[in-house]
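Counting from 1, position 144 in the sequence shown corresponds to residue 143 in numbering that gives the first Met the number 0; the numbering is continuous, with no gaps.
Notes to accompany the following structure.
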Amino acid sequence: MASFDIATKANLASVLPALVMAIHIQQEQTSLIPTVSKTFHNGDTLPSKETIQMASLDGKTLSGKAIIHYLAELASSTEAKGNPRRAASIQEWVDRSESFLATDMKILRNSLYELNSHLTLRSHIVGYSLTVADLAVWAAIRGNRITHSLIKQKPIQENAHRWYTYIEESNLWLSEAIAELTSFEVKERAAGSAKGASLDIDIPHVDGPMVTRFPPEPSGYLHIGHAKAALLNDYCAHKGAGTLLCRFDDTNPTKESMEFQDAILDDLKLMEIIPEKTSYSSDYFQEMYEYAIQLITAGKAFADDSELGKGDKDRKNRLPSKRRDLGIEETLEHFGEMKTGSEEGRRWCLRARIAYDSPNGTMRDPVIYRCNVTAHHRTGTQWKIYPTYDFCAPILDSIENVTVALRTNEYRDRNVQYEWMQDALGLRRVPIWDFSRMNFVRTVLSKRKLTRTVADGKVSGWDDPRMPTIRGILRRGMTVPALREFILRQGPSRNILNLEWGALWALNKKYIDPISSRHTAIAQENMVTCHVAGVEHSTVAEKPKYLKNLDLGTKKVLYDKTILLEQVDAQSLADNEEITLMNWGNVYARHIHQTEQPDETGQRKVTGIDFELHLEGDFKKTKKICWLAAVSTNMIPEC
């Protein structure tokens, strides 16, 4: 066993190369490293002042570069396949990987140029299969933010970019390794503690049970960004036997529909969030209309017909609207026209009279009512005017007895406006706690852009597995417990985090791995037909669906003298090499047939392999290869 001690706050570049090299050896050469264990220690360094240490099989304690050199020598004994020149190349590139950790731009550019040139006709740094040389260089690049940024510049480093992407996408376990290393940093930034995130927040004391609200707009499906707000409100409400209110902010009939409303309720159920009460802003249209009249008669609101044109520019330049001094009677008259939905009324809006020259843009006489003659999905054509969210939220939070308003910190500038509305209307103040949005790298969470993606037909719908919606990621294979745990781990942090999807899927794997049956699939493209000597006829045997969970039952495995392998597995073999066919046993690859000419990647395609059964062989020291019997009844083509 290789045992690692790792500092949680260490630079990723200083710990990632050694760790991925060890995991690779453990996966490919179990006899050399049967298992890899990791112990994480809070801090920038370990007590020894190192960032990573490894206890090897022979009892040595290694650190830093010594780990990498040790692992390179260990792996080259088999990866070099007895070729001294190949072994030297592997060791050379492992040594050169250190240059990709530099911060000097000149050194980095030279190193990337050499790598790019070397990879002109290659898919791997050494040979035709993955080696520790690939992983040492890849991990050094991935761990160094500067190098990582440079290699992403595809037009400049096209070959290196191609290789980097290939290594990353063909070895999904790399994302899991990175997620495990960085999750400790995420937890600390999210909750301020290496012990993990906590949802306990310093909210103001309230008498009686807590009441929180989750106010989605029924104009789309819930996405992963909404999930944090929903779960946080759910947690705070039910921690003390309180009430969670789901209030639909249905104040824009142009974008909203009953379909989205029902979908949001279903999405909440999928996340095991059951609100005690569901309400609608449209239930309070009359009350909010009366509050608007109250503001007008108090001289705190005015009608404006320039908001959609010059008014926006005036607000930006801190200039008063030409209608700002409009009297109460005139404002009431125009507001009445707005209510009828007349052509004249549609020219006007209602604005709060606060402070047009405020340094806070949200206080520059915000719009609180607009005219919209589109039929509402609940109230029909009863109303032609609708309150804005800035006017609606503070009123309904107060009259629906919300004890604390939890919302994302994108609204932080609007907090003072929120309080002004409640004070101006004589309503109970509702304390606010804001938290950061949950963002993911390379992911669009804008509802407007997601709606356009669906409308343009670029995806099959809101539940397309490529969409970051709750339904999309669940359809892709996410489990609800994993989703809940991941979001709750983030806590109520106010720090802005750009999370990696790999961390979420790595957590999901921990949930599905123990309960998932194992079946075999072979990529059809360039698959290799192989012949197994020593097999007389086809046979069928019952094998466990998963060796670590026998409760899952058994599956039928068909054995035949003709089997299929994936091209990438076939290319990793050498003549007379002993390997293990999963769920069968050991065989010798007596002869590997290849094309005479290499393809565009510089590799010769394998066209066939002659195997010889050796079932009594020791499977602990061999490569493990997946296969399928080449019998039509045994294969189900991908749809």
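Each residue gets a CB set at the ideal place from its N, CA and C atoms; glycine is no exception.
Note that the coordinates shown come from a computational prediction; the quantities given were computed from them, not determined experimentally.
Separation of SER305 and SER320 (C-alpha to C-alpha, rounded to the nearest whole angstrom) is 8 Å. The residue among GLU409, PRO393, LEU496 and ASP455 with its C-alpha nearest the C-alpha of VAL440 is LEU496.
HIS536 counts as exposed, since fewer than 16 other C-beta atoms from the protein chains shown sit within 10 angstroms of its C-beta. Scanning its chain for C-beta atoms nearer than 6 Å, with the 5 sequence neighbours on each side dropped, one finds around ALA138 the residues LEU15, PRO16 and VAL19, in chain order. Spanning the alpha carbons of VAL403 and ILE431 requires a straight line of approximately 6 Å.
In the structure shown, THR579 falls within a strand segment according to DSSP collapsed to helix, strand and coil. With fewer than 16 other beta carbons inside 10 angstroms of its own, ILE273 counts as exposed. Under the three-pair Cβ rule at 8 Å, the stretch 86-103 does not count as touching the stretch 32-42.
By the neighbour-count criterion, in which a residue is buried when 16 or more other Cβ atoms sit within 10 angstroms of its Cβ, GLY425 is exposed. One alpha carbon belongs to SER128, the other to SER571, and they sit about 6 Å apart.
DSSP, read as helix, strand or coil, puts SER435 in coil. Under the three-state reduction of DSSP output, SER148 falls in the helix class. The three-state secondary structure of THR632, taken from DSSP, is helix. The beta carbons of GLU577 and HIS613 sit about 7 Å from each other, so the pair counts as a contact at 8 Å.
At the C-beta level, ALA291 and LEU349 come within 8 Å of one another.
For the 8 Å CB-CB criterion, ALA21 and ALA1 form a contact.
In the pairwise beta carbon analysis, the stretch 99-112 is classified as touching the stretch 129-148: at least three pairs are separated by under 8 Å.
Counting C-beta atoms within 10 angstroms of its own C-beta, MET257 has fewer than 16 neighbours from the protein chains shown and is therefore classed as exposed. Under DSSP, ILE394 takes part in no beta bridge, so it has no partner. Here PRO252 really is in contact with HIS376; their C-beta atoms are around 7 Å apart, less than 8 Å.
Within the stretch 63-102, no complete beta strand (DSSP E) segment of 3 residues or longer occurs.
Membership of ASN109 in the alpha helix (DSSP H) is indicated by the continuous run 104-117.
Judged by pairs of C-beta atoms under 8 Å, the stretch 474-489 does not touch the stretch 403-418, as fewer than three such pairs exist.
Counting along the chain, ALA6 sits inside the beta strand (DSSP E) bounded by residues 1-6. Going by DSSP, SER13 is part of the alpha helix (DSSP H) stretching over 11-27.
Positions of the alpha helix (DSSP H) runs, each at least 4 residues long and wholly inside the stretch 398-468, are given as 414-423 and 446-454 in order along the chain. Here ASN585 carries a strand assignment [DSSP, helix/strand/coil]. Here ASP568 has ILE624 as same chain residues with Cβ atoms under 6 Å from its own Cβ, once five neighbours each way along the sequence are excluded. The DSSP assignment places 311-315 and 327-339 as complete runs of the alpha helix (DSSP H) inside the stretch 310-344, in order along the chain (cut-off: 4 residues). Sequence-distant partners of ARG314 (beyond 5 residues in either direction) whose C-beta falls short of 6 Å from its own C-beta, in its chain, are ARG363. Taking a contact as a CB-CB distance under 8 Å, the pair ALA628 and PHE610 does not count as one, their CB atoms being some 13 Å apart.
Here the stretch 69-80 lies against the stretch 114-134, with 3 or more beta-carbon pairs under 8 Å apart.
In this model, LEU31 and ILE24 are separated by some 7 Å (Cα to Cα).
ASN41 sits in coil when the DSSP states are folded into three classes, being neither helix nor strand.
The residues GLU343, GLY344 and TRP347, in chain order, have a CB closer than 8 Å to that of GLU336 in the same chain once the five nearest residues on each side in sequence are set aside. As DSSP reads the structure, HIS592 sits in a beta bridge with GLY607.
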